DNA sequence: TTATATGCAAACTATTTGCAATGGT
DNA sequence: ACCATTGCAAATAGTTTGCATATAA
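Have a look at this one:
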């Protein structure tokens with residue numbers, strides 16, 4: 012069994028999640044991927060690898076993994092309407108190139124701000140996300 | 012002519028945007044509203060006020076206003092799938108109660124961070140948004 | 001063996017589009 | 001008068017659901 016397949020299996024097991032080949036495939040792609048993927052992207056990848064997995068199965072499992080806190084589900088706000096999904100390794104944010112769509116992960120600049128905000132508003136802060144939009148170095152030629 | 016209707020008209024005029032009753036109605040609601048609205052919410056409000064405006068007209072104009080920089084279009088990421096729209100008065104962010112859905116506007120804590128980020132990544136930063144999720148004081152009773 | 005997950009097809013929601021009619025300038 | 005905008009209906013995209021079958025434990 013390949014290294015990543017093994018790792019994926021362990022993760023599912025440790026969470027008490029029933030192991031199916033489809034779940035392993037989906038989670039593997041999210042773990043391998045360096046950037047968030049959409050349901051359709053995952054489907055495209057898995058279909059190429061023979062597996063006759065259905066889109067509905069992918070959606071169901073993405074929802075399921077999210078509810079178990081294994082992955083994070085979010086929108087990109089601009090242009091696209093699909094949701095994106097990523098394996099949660101650590102709290103971070105995204106820098107998105109509005110021209111080519113490339114997504115880069117960033118650390119979190121809000122640690123102090125959050126506690127100050129909680130104090131000021133009375134809110135009990137649970138989470139947050141930041142998306143930063145710009146042009147990546149490659150897309151800056153011609154300087155729009 | 013009512014004060015706000017007048018103001019709306021002036022905004023459209025100053026932007027060289029053709030004035031129609033539908034555009035005035037849509038923009039008025041966004042200006043009056045203290046929080047972002049979805050297309051369906053705007054539609055519901057305007058239908059109640061007699062106007063037989065169509066959802067498609069609302070969508071078309073929301074897109075149009077966004078492209079002209081009059082309003083901002085964004086997702087809420089959690090739970091809901093619709094987009095939300097707000098009149099742009101100044102750059103700000105949102106604090107969202109995950110229990111009752113209340114949306115509060117916040118200032119921007121990222122001014123310095125952005126320039127540091129541009130330097131570090133080579134990206135030309137254009138914009139960003141932050142969403143912070145938590146429980147508002149009212150929803151904290153029972154402390155989940 | 002039994003509950004859970006999947007395949008499949010159909011439904012649903014939010015949004016977009018084509019086209020003829022209407023309305024602003 | 002002319003072109004932009006609207007109404008209307010139909011299309012589309014992304015996602016969800018119901019039900020029979022297959023599969024993990």
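Protein chains in written order, with our numbering: chain A, 12 to 155; chain B, 12 to 155.
Here a beta-carbon is modelled for each residue, glycine too, at the ideal position from N, C-alpha and C.
None of the values given here were measured: they were computed from a predicted structure.
**OP:** Could you tell me whether the region 48 to 67 of chain A touches the region 102 to 110 of chain A, using the rule of 3 or more Cβ pairs below 8 Å?
**Re:** no
Original post:
Between which two residues does the beta strand (DSSP E) carrying residue 135 of chain A extend?
Top reply: 135 to 146
Original post:
Between residue 88 of chain B and chain A, is there a C-beta pair that is closer than 8 Å?
Top reply: For residue 88 of chain B, the nearest CB of chain A lies under 8 Å from its own CB, placing it at the interface with that chain.
**OP:** Starting from the beta carbon of residue 8 of chain B, find every residue of chain A whose beta carbon is closer than 7 Å, and list them in chain order.
**Re:** Residue 8 of chain B lies beyond the range of chain B shown here (12 to 155); nothing can be said about it.
**OP:** Give the DSSP-derived three-state secondary structure of residue 112 of chain A in the structure shown.
**Re:** Looking at residue 112 of chain A - three-state DSSP - the assignment turns out to be coil, as it is neither helix nor strand.
**OP:** Let me know the secondary structure DSSP gives residue 97 of chain B once reduced to three states.
**Re:** Reduced to three states, the DSSP call for residue 97 of chain B is strand.
**OP:** Given a cut-off of 8 Å, decide if residue 28 of chain A and residue 233 of chain A are closer than it, judged by their beta-carbon atoms.
**Re:** Because chain A is modelled from 12 through 155, residue 233 of chain A falls outside the range shown and cannot be assessed.
**OP:** With DSSP as the reference, label residue 41 of chain A as helix, strand or coil.
**Re:** helix
**OP:** Could you round the C-beta distance between residue 134 of chain B and residue 112 of chain A to whole angstroms and report it? I think they count as a contact, below 8 Å.
**Re:** Not really, about 13 Å apart at Cβ, beyond 8 Å.
**OP:** May I ask which residues mark the beginning and end of the beta strand (DSSP E) holding residue 131 of chain B?
**Re:** Residue 131 of chain B -> not in any beta strand (DSSP E); alpha helix (DSSP H) instead, spanning 122 to 132.
Original post:
Under 8 Å between the Cβ atoms of residue 50 of chain A and residue 93 of chain A?
Top reply: yes
Original post:
Can you find a CB in chain B that lies within less than 8 Å of the CB of residue 141 of chain A?
Top reply: For residue 141 of chain A, the answer is yes, since a Cβ of chain B falls inside 8 Å of its Cβ.
**OP:** Please classify residue 104 of chain A: does DSSP put it in a helix, a strand, or coil?
**Re:** For residue 104 of chain A, the three-state secondary structure derived from DSSP is strand.
Original post:
How about residue 121 of chain A: is its C-beta nearer than 8 Å to some C-beta of chain B?
Top reply: yes
Original post:
Counting along the chain, where does the alpha helix (DSSP H) carrying residue 83 of chain B start and finish?
Top reply: Residue 83 of chain B -> not in any alpha helix (DSSP H); beta strand (DSSP E) instead, spanning 82 to 86.
**OP:** Could you tell me if residue 39 of chain B is buried or exposed, where buried requires 16 or more neighbouring beta carbons within 10 angstroms of its beta carbon?
**Re:** buried
Original post:
What does residue 138 of chain A reach in chain B if we use C-beta pairs closer than 8 Å?
Top reply: Neighbours of residue 138 of chain A on chain B, chain order: 143, 144, 145.
Original post:
What does residue 148 of chain B reach in chain A if we use C-beta pairs closer than 9 Å?
Top reply: 132, 133, 134, 135
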